[in-house]
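A.B. asks: So that we are looking at the same thing, I have put the structure below in structure tokens.
Protein chains in written order, with the working numbering: chain W, 796 to 914; chain S, -10 to 100.
So this is what it looks like as structure tokens:
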């Protein structure tokens, strides 16, 4: 089955520790996104990538890092520099990377999310 | 000014009524517009997408787009208690082609 998979579903981080959230898709999508959602809030864009080996900062990139070495994978590392990492993290993918035309069929599909808690 | 704005609600409607959800966006170069539904603790799921000015209907849902006014809306006819969720407006395209979400509107359908 085609889809987008995030792991783990729940993750606990100690103070000062780096953790990596996994996101894998087999939809052959060029574009991938990472969002953070706090309770009762919308989705805020952390990083996005429109093509392999390229990515751009979103609105809240500080304290996070990503890589895009393969089309299928877009892992997110929450570093110790992120002072308030407790949140629900969502990964998404879509067609419509850089230079993609036309605009149709560019809807994004989400993984099931990772809930990160600092202990 | 936020890139994508929605009224956070809650929007309360009686069962069987029409629910109207609204969204405005700031980037005039935006090309693709989406509505997602999110139940508490779950990831968002796509309900509707629209690219051209006018209305697009799919079952009980109608998306409306007005690019001149930078406005997109979602109408839900015959609202059901199972429609109670947060509805997220998302906009893509423009200079960066990134996908930006609004803060969402919480809809409560009263039986």
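Yeah, the Cβ is synthetic: ideal placement off N, Cα and C, and Gly gets one too. Quick caveat: nothing in here was measured; it's all calculated off a predicted structure.
For residue 856 of chain W, which residues in the same chain have their Cβ closer than 7 angstroms to its Cβ, ignoring the five residues on either side in sequence?
C.D. replies: Taking the first chain and counting its residues from 1, one reaches residue 856 of chain W at position 61. These residues qualify, in order along the chain: 841, 842.
A.B. asks: Just to confirm my understanding: we take residue 809 of chain W, look at its own chain, exclude 5 residues before and 5 after, and list those with CB closer than 7 angstroms. What are they?
C.D. replies: Numbered from 1 along the first chain, position 14 holds the residue referred to as residue 809 of chain W. Same-chain partners within the cutoff: 914.
A.B. asks: Buried or exposed: where does residue 21 of chain S fall if 16 or more other Cβ atoms within 10 Å of its Cβ makes it buried?
C.D. replies: Numbered from its first residue, the second chain carries residue 21 of chain S at position 32. Its Cβ being crowded by 16 or more others within 10 Å, residue 21 of chain S is buried.
A.B. asks: Just to confirm the assignment, what range does the beta strand (DSSP E) spanning residue 872 of chain W have?
C.D. replies: The residue labelled residue 872 of chain W in the question sits at position 77 within the first chain. Unbroken beta strand (DSSP E) run through residue 872 of chain W: 871 to 873.
A.B. asks: Given that a residue counts as buried once 16 or more other Cβ atoms are within 10 Å of its Cβ, and exposed if not, what is residue 815 of chain W?
C.D. replies: Here the question's residue 815 of chain W lines up with position 20 in the first chain. Under this definition residue 815 of chain W is an exposed residue.
A.B. asks: Roughly how many angstroms lie between the CA atoms of residue 54 of chain S and residue 46 of chain S, to the nearest whole one?
C.D. replies: Along the second chain, read from residue 1 onward, the residue named residue 54 of chain S stands at position 65. Along the second chain, read from residue 1 onward, the residue named residue 46 of chain S stands at position 57. Approximately 12 angstroms, taken between the alpha carbons.
A.B. asks: What number of angstroms, rounded off, separates the C-alpha of residue 34 of chain S from the C-alpha of residue 77 of chain S?
C.D. replies: For the purposes of this step, residue 34 of chain S is identified with residue 45 of the second chain, where counting begins at 1. For the purposes of this step, residue 77 of chain S is identified with residue 88 of the second chain, where counting begins at 1. Looking at the two C-alpha atoms, the distance is approximately 9 angstroms.
A.B. asks: Quick check for students: name the residue ranges of the beta strand (DSSP E) that lie wholly in the segment 17 to 86 of chain S, counting only runs of 3 or more.
C.D. replies: 19 to 27, 34 to 39, 43 to 47, 50 to 55, 60 to 65, 74 to 82
A.B. asks: Residue 800 of chain W lies in the beta strand (DSSP E); which residues open and close that run?
C.D. replies: Indexing the first chain from 1 puts residue 800 of chain W at position 5. Per DSSP, residue 800 of chain W belongs to the beta strand (DSSP E) from 799 to 802.
A.B. asks: Report yes if the CB atom of residue 906 of chain W is closer than 8 angstroms to the CB atom of residue 801 of chain W, and no otherwise.
C.D. replies: As a first step, residue 906 of chain W is located in the first chain; it is residue number 111 there, counting from the start. As a first step, residue 801 of chain W is located in the first chain; it is residue number 6 there, counting from the start. Their beta carbons are under 8 angstroms apart, which means residue 906 of chain W touches residue 801 of chain W by this criterion.
A.B. asks: If residue 80 of chain S and residue 19 of chain S are in contact, beta carbons under 8 angstroms, what's the gap, nearest whole angstrom?
C.D. replies: Residue mapping note: residue 80 of chain S aligns to position 91 of the second chain, counting from 1. Residue mapping note: residue 19 of chain S aligns to position 30 of the second chain, counting from 1. Right, their Cβ atoms sit about 5 angstroms apart.
A.B. asks: So the candidates are W:826, W:817, W:911; which of them puts its Cα closest to the Cα of residue 866 of chain W?
C.D. replies: For the purposes of this step, residue 866 of chain W is taken as the residue at position 71 of the first chain. When each option's Cα is compared against that of residue 866 of chain W, the closest is W:826.
A.B. asks: Against chain S, does residue 840 of chain W count as a neighbour if the rule is that its beta carbon must be under 8 angstroms from one of theirs?
C.D. replies: For the purposes of this step, residue 840 of chain W is taken as residue 45 along the first chain, with counting starting at 1. True, the Cβ-Cβ gap to chain S drops below 8 angstroms.
A.B. asks: Measuring only the C-alpha atoms, how far is residue 7 of chain S from residue 904 of chain W?
C.D. replies: Walking along the second chain from the start, residue 7 of chain S turns up at place 18. Walking along the first chain from the start, residue 904 of chain W turns up at place 109. Each residue's alpha carbon lies about 27 angstroms from the other.
A.B. asks: Hey, residue 901 of chain W and residue 890 of chain W are a contact pair by Cβ (cut 8 angstroms); roughly how many whole angstroms apart?
C.D. replies: Position 106 of the first chain, counted from the first residue, corresponds to residue 901 of chain W. Position 95 of the first chain, counted from the first residue, corresponds to residue 890 of chain W. The pair is a contact, with the Cβ atoms about 5 angstroms apart (cut-off 8 angstroms).
A.B. asks: Excluding the five sequence neighbours on either side, which residues of its own chain have a C-beta within less than 7 angstroms of the C-beta of residue 860 of chain W, listed in chain order?
C.D. replies: Within the first chain, numbered from 1, the residue matching residue 860 of chain W stands at position 65. If we look at residue 860 of chain W and ignore the five residues flanking it on each side, its Cβ neighbours are 872, 874.
A.B. asks: With burial defined as no fewer than 16 other Cβ atoms inside 10 Å of the residue's Cβ, what is the status of residue 804 of chain W: buried or exposed?
C.D. replies: Position 9 of the first chain, counting from 1, holds the residue named residue 804 of chain W. With fewer than 16 other Cβ atoms within 10 Å, it is exposed.
A.B. asks: Could you work out which residue in S:9, S:-3, S:94 is closest to residue 66 of chain S when comparing CA atoms only?
C.D. replies: Sequence index remark: in the second chain, residue 66 of chain S carries index 77 (1-based). Nearest option by C-alpha distance: S:9.
A.B. asks: Is residue 39 of chain S closer than 8 angstroms to residue 26 of chain S when the C-beta atoms are compared?
C.D. replies: As a working note, residue 26 of chain S is residue 37 in the second chain. As a working note, residue 39 of chain S is residue 50 in the second chain. Not in contact: residue 26 of chain S and residue 39 of chain S (Cβ atoms no closer than 8 angstroms).
A.B. asks: When the Cα atoms are used, what is the spatial distance from residue 48 of chain S to residue 68 of chain S?
C.D. replies: Start at 1 with the first residue of the second chain, and residue 48 of chain S comes out as number 59. Start at 1 with the first residue of the second chain, and residue 68 of chain S comes out as number 79. So the alpha carbons of these two residues sit roughly 12 angstroms apart.
A.B. asks: Using a Cβ cut-off of 7 angstroms, pull out every chain S residue sitting near residue 901 of chain W, in sequence order please.
C.D. replies: Your numbering for residue 901 of chain W matches position 106 in the first chain. Result: 21, 81.
A.B. asks: Answer with buried or exposed for residue 87 of chain S, where buried requires no fewer than 16 other C-beta atoms within 10 angstroms of its C-beta.
C.D. replies: Here residue 87 of chain S corresponds to residue number 98 of the second chain, with the count starting at 1. The residue is buried, with at least 16 neighbouring Cβ atoms inside 10 Å.
A.B. asks: Which residues in chain S sit within 7 angstroms of residue 837 of chain W, going by Cβ to Cβ distance?
C.D. replies: The residue you call residue 837 of chain W lines up with position 42 of the first chain. Within 7 angstroms Cβ-Cβ: 77, 90, 91, 92, 93.
A.B. asks: Could you check if residue 811 of chain W is buried or exposed, using at least 16 other CB atoms within 10 Å of its CB as the buried criterion?
C.D. replies: Within the first chain, numbered from 1, the residue matching residue 811 of chain W stands at position 16. Burial state of residue 811 of chain W is exposed, judged by a 10 Å Cβ sphere holding fewer than 16 other Cβ atoms.
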